[in-house]
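Sequential numbering of the sequence shown, starting at 146, is according to the working numbering.
Have a look at the structure below before the remarks.
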Amino acid sequence: MSAEWQVLWLALKDYVPGISKASTAVVYLVSTSLNDVQKASQQQFGRQSTRYGKSHILADVSDVEAALERVSLPERARVLDIATGAGHTGLCLAARGYDVTCSDLTAEMLERVREAAAVRGLSVETRQHSAEVLPYTDSSFDLVTCRVAAHHFSDVTAFVRESARVLAPGGWFLVIDGSVQDGAPEAEAWTHQLEKLRDPSHGRFVKPNEWKALCVRAGLEVTECFLDPFKMPDLKWYFETAATPEANRKAVLDLVANAPDEVRQIFRLGEEDGKIVWWWQRITLVARKPD
Ligand SMILES: C[S@@+](CC[C@H](N)C(=O)[O-])C[C@H]1O[C@@H](n2cnc3c(N)ncnc32)[C@H](O)[C@@H]1O
Numbered sequence: 146m147s148a149e150w151q152v153l154w155l156a157l158k159d160y161v162p163g164i165s166k167a168s169t170a171v172v173y174l175v176s177t178s179l180n181d182v183q184k185a186s187q188q189q190f191g192r193q194s195t196r197y198g199k200s201h202i203l204a205d206v207s208d209v210e211a212a213l214e215r216v217s218l219p220e221r222a223r224v225l226d227i228a229t230g231a232g233h234t235g236l237c238l239a240a241r242g243y244d245v246t247c248s249d250l251t252a253e254m255l256e257r258v259r260e261a262a263a264v265r266g267l268s269v270e271t272r273q274h275s276a277e278v279l280p281y282t283d284s285s286f287d288l289v290t291c292r293v294a295a296h297h298f299s300d301v302t303a304f305v306r307e308s309a310r311v312l313a314p315g316g317w318f319l320v321i322d323g324s325v326q327d328g329a330p331e332a333e334a335w336t337h338q339l340e341k342l343r344d345p346s347h348g349r350f351v352k353p354n355e356w357k358a359l360c361v362r363a364g365l366e367v368t369e370c371f372l373d374p375f376k377m378p379d380l381k382w383y384f385e386t387a388a389t390p391e392a393n394r395k396a397v398l399d400l401v402a403n404a405p406d407e408v409r410q411i412f413r414l415g416e417e418d419g420k421i422v423w424w425w426q427r428i429t430l431v432a433r434k435p436d
């Protein structure tokens, strides 16, 4: 029996009368087997994990710091950072003295987290699992965070529902991700094509009204939800980070060259010093689980 099995068995046996070790094992295996979307992400990020370190734009956590101003947490808050990547968000929270679990689907990413934590003298727990099934009992955390990752998930509804479940009453849910404003289907289709060509493990951007509805359905109260466009420094850098194949790079350059006016305006597409720049529609969503 693996350690994860044992945790599940011990957690369930007192609450589910008659549950056997065998049925616990089946539940565990079904809930942890990966679908094709998850496997694609795992491959992509396993290959690219070293590109998400200190030099990546995600190392700038000013967006996380700003969002944290909007929540109130106990001194030793229990935090779960989902799809932690190289751990920029989780480590920022650990540096505040919180008790942080950094989780991700990809083992190589968690290795990067442990390396970065050691360099910074920080302590975090690392756990490998998907965002769609969280291996924790109800009410385990005061804050669940997920930054620049939900657009990869195979089931965003399950991610929000599970996050709400593992939050303690009064706990906070914080999502930061790419998005696209409501009511702009042309821009939505354009950015979807671009992101998919750049990195086939891209799923889709969730729009603000969809995020809000998902939270409400999961029993969370949305306290903030806003778009705060973020300037992407250079398309070439963006390709390199994802190891975009040459043919796909060409297709993206065509998309950029032929972008309709609405798209040009919304993403503020432009050229600076020979580099293609644009403004990513970054969403910050803060929600709270009622007491
Ligand atoms: C861009 S990185 C995340 C960046 C990170 N949150 C930060 O603040 O720097 C995206 C991460 O999502 C993870 N991921 C993708 N799909 C996932 C899923 N379904 N469940 C959990 N993690 C997933 C990938 O393994 C990758 O590490």
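Beta carbons are placed, not taken as given, at the ideal position from N, Cα and C, and that holds for glycine.
Every value quoted in this text rests on a predicted model; they were computed, and no experiment measured them.
Worksheet item: In whole angstroms, what separates the C-alpha of residue 146 from that of residue 166?
Response: Any answer about residue 146 is weak, because its pLDDT of 42 lies below 50 and its placement is not dependable; what the coordinates show is given next. When rounded, the distance between both Cα atoms is 9 Å.
Discussion item. Rounded to whole angstroms, what is the Cα-Cα separation between residue 193 and residue 232?
Written reply: 14 Å
Item to complete: Please look up how many angstroms separate the CB atoms of residue 427 and residue 353, rounded, as I've assumed it's under 8 Å.
Response: Going by Cβ atoms, the distance from residue 427 to residue 353 rounds to 11 Å, so no, they are not a contact pair.
Discussion item. What does DSSP give as the partner residue(s) for residue 207 in the beta ladder?
Written reply: BP columns for residue 207 are empty, so no partner.
Fill in: Check: residue 351 C-beta below 7 Å from any heavy atom of ligand 1
For ligand 1, not one heavy atom lies less than 7 Å from the Cβ of residue 351.
Item to complete: Return the residue from the list 207, 157, 179 that minimises the CA-CA distance to residue 273.
Response: 179
Worksheet item: Using the rule of at least 16 other Cβ atoms within 10 Å of the residue's Cβ for burial, across every protein chain shown, is residue 304 buried or exposed?
Response: buried
Discussion item. Excluding the 5 residues flanking residue 215 on each side, which residues of the same chain have their C-beta closer than 6 Å to its C-beta?
Written reply: 369, 431
Practice prompt. List the endpoints of the continuous beta strand (DSSP E) containing residue 88.
Written response: Lying before the first or after the last residue shown, residue 88 is absent from the chain, which here runs from 146 to 436.
Worksheet item: Given a threshold of 16 other Cβ atoms within 10 Å of its Cβ, counted over all protein chains shown, does residue 161 qualify as buried or as exposed?
Response: exposed
Discussion item. Quick check on residue 249: buried or exposed, where buried means 16 or more other Cβ atoms within 10 Å of its Cβ?
Written reply: By the 10 Å Cβ count, residue 249 comes out buried.
Practice prompt. Give the range of the beta strand (DSSP E) segment to which residue 422 is assigned.
Written response: 420-425
Fill in: The alpha helix (DSSP H) enclosing residue 181, as first and last residue numbers
181-193
Practice prompt. Could you tell me whether the segment 291-298 touches the segment 335-352, using the rule of 3 or more Cβ pairs below 8 Å?
Written response: yes
Item to complete: Check whether the Cβ of residue 271 sits closer than 7 Å to any heavy atom of ligand 1, and report yes or no.
Response: Distances from the CB of residue 271 to the heavy atoms of ligand 1 are all 7 Å or more.
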